[in-house]
Amino acid sequence: MFQNLKFILLAFIGLTNIPLPGQVDTVFRVETMKKNTDFASLTLGLDMMAIGKGHIGEGSNQITTPGQFRSGITIGGVHFWGHADFYVTFPIGPNFGKKPENVSKFVNRESVETGFKYYPWALKPNTFRPYVGMSFQPFIFRIDETSNKYEYGGSRYSRFVSPVQLGITFTSQKFLFTAGARYNWRNQFDYYLSSEKMVPVTINPWNFNIGIVRYMDTDKGYSSEKSVDQLNIKYYVLTKEEAFDSWYVALGPSAALQMSRSSYLKKYVPYVHNQMIFSGFVPELAVGRYFHKSRFNINMAARYMSQNIKAFDTKIHVTRSSFALEAYRFLFNYRGFVPFVGPSLNLEYLTLDHKERIKVNDTKLALGIVLGWDINLSDVETSVLRTNLRYMPGLHLKVDGQKMMYDYLEFNFIQYVYFFNRVNTYKKYRKK
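Residue numbers (the working numbering): 3 to 434.
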């Protein structure tokens, strides 16, 4: 996907005008590249979700929470020749809908949604296809009564949810139209209405969505005879120059999601214990070297994450500065899908500032795992798209005899990887 960017770059450096240097072996063929490029299509569009009513409290003090609507932008890809749809939906602004009476602020929403849909019958133009699926996203709930006079407002309850999905999709020549239902079985919890008062909350387990996305086969040009000729020429050039190995730089948005609860919060500020830490999207900058023959990669990545935990009169600021040294191996290449896995050694600088109570910081090493995949159709290009996931089990900061957990799951959905050694190699063969 996204090969348009690569063609622009190749045109800029004149690579599409490399002259044919004598006899070039045929490594890539039109038939093979056509099958490879049919494997996946890019999707981009809009989604609208309806959230049902719920209630907070019990008996005569029970409050009904109104239904709401959430809009979002969806980016993803249809894979496995129309049988699977992997996507990320980013909410656009706050939910639409009313607030309960005597409430100054009401939040009942899900954050960035990562999910997949499985189609038993492949998507094809002018057909309806049923699907089943599942998604993973942070759920956030907050309600501030008008009588609330706290400095930081009410508490926020948050956690991961993984609703199951069922729906149907109509495929036109350019668009996918979807209508579906989702069921979240984890729909009950206790909520701190004040620093000392807890009330039960039930949210509606069902919500419904409609969506429209444009699907685009941005790799289609790879299967033309001219493009295949260029791939073979580039393979010849890299072989002649022994330049398959390459240094690279990479950049992409990364998010960190809390995996464990912190005993420090539970003991000293229990009303924020159930406030899940989510870093939002932060830049991840990486440099590394790829070794072609062994399918091995050395990667160094830097990330910085910051989060405020607030409720009532409590504010806690936590940060994590992380530098990773990683070694991983690419396992196989299936139609351009190239998964990898390996160890990740991280130098961590962790801080906690609990306002007017305690400040702590520490530098430590953490060992974890990195895994993910590249989208790499030819292995001769100057750039690829990479997805990274990292996890440092047990990473924590010792605070007042308790643990503040930093064992986040880091997710970098799309990282652009640029092999600058290959660019320099191809420049030598530019047509004068």
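Here a beta-carbon is modelled for each residue, glycine too, at the ideal position from N, C-alpha and C.
Remember, it's a predicted structure, so these values are computed and weren't measured experimentally.
Range of the contiguous beta strand (DSSP E) that encloses residue i
| i | result |
| --- | --- |
| F143 | T129 to E147 |
| Q70 | Q70 to H81 |
| R184 | F177 to Y185 |
| Y89 | A86 to P93 |
| V163 | Y159 to V163 |
| Q260 | Here Q260 belongs to no beta strand (DSSP E), and DSSP marks it neither H nor E. |
| D219 | Run containing D219: none; DSSP gives neither H nor E here. |
| L44 | S43 to I53 |
| V166 | V166 to T173 |
Cβ neighbour criterion (16 or more within 10 Å) applied to residue i
| i | result |
| --- | --- |
| A42 | buried |
| D87 | buried |
| P23 | At P23 the pLDDT is 49, less than 50, meaning the model places this residue with poor confidence; the figure from the coordinates comes in the next sentence. P23 should be labelled exposed. |
| Y428 | buried |
| P127 | exposed |
| K430 | exposed |
| M3 | At M3 the pLDDT is 45, less than 50, meaning the model places this residue with poor confidence; the figure from the coordinates comes in the next sentence. Per the 10 Å Cβ criterion, buried. |
| K236 | buried |
| I58 | buried |
| F130 | exposed |
| I318 | buried |
| K312 | buried |
| Q64 | exposed |
| G169 | buried |
| L369 | exposed |
| R158 | buried |
| A181 | exposed |
| W123 | exposed |
| G213 | buried |
| E358 | exposed |
| N301 | buried |
| G47 | buried |
| R432 | exposed |
Local conformation of residue i per DSSP, three classes
| i | result |
| --- | --- |
| V105 | strand |
| Q232 | helix |
| V446 | The shown model of the chain, from 3 to 434, leaves out residue 446, and the question about it has no answer. |
| N211 | strand |
| S197 | coil |
| S62 | helix |
| V251 | strand |
| L240 | helix |
| E153 | coil |
| K119 | strand |
| K400 | strand |
| K405 | strand |
| P23 | Legend: pLDDT at P23 = 49, less than 50; position of this residue unreliable, no value from coordinates given. |
8 Å Cβ cutoff met for residue i and residue j
| i | j | result |
| --- | --- | --- |
| G254 | N414 | yes |
| M406 | Y266 | yes |
| T45 | G78 | yes |
| S197 | F118 | no |
| T204 | N186 | no |
| V343 | L333 | yes |
| G99 | F71 | yes |
| P68 | P93 | no |
| V425 | Y250 | no |
| V134 | Q167 | yes |
| L178 | Y217 | yes |
| F421 | S248 | yes |
| V284 | R305 | yes |
| R392 | S323 | no |
| L399 | L352 | yes |
| M35 | V230 | yes |
| L387 | D376 | yes |
| V105 | I142 | no |
| L374 | N390 | A small correction: the amino acid at residue 374 is Gly; Leu does not occupy that position in the sequence shown. Going by C-beta atoms, G374 is nearer than 8 Å to N390. |
Extent of the continuous alpha helix (DSSP H) run through residue i
| i | result |
| --- | --- |
| T427 | F422 to K429 |
The ligand HEM heavy atom lying under 7 Å from the CB of residue i
| i | result |
| --- | --- |
| F92 | Absent from the structure shown: the ligand HEM. Ligands present: none. |
key: beta strand (DSSP E) runs contained entirely in the stretch 355-384, provided each spans 3 or more residues   = 360-377
* **Residue ranges of each alpha helix (DSSP H) within the stretch 265-353, 4 or longer** => Qualifying alpha helix (DSSP H) stretches, in chain order: 265-270.
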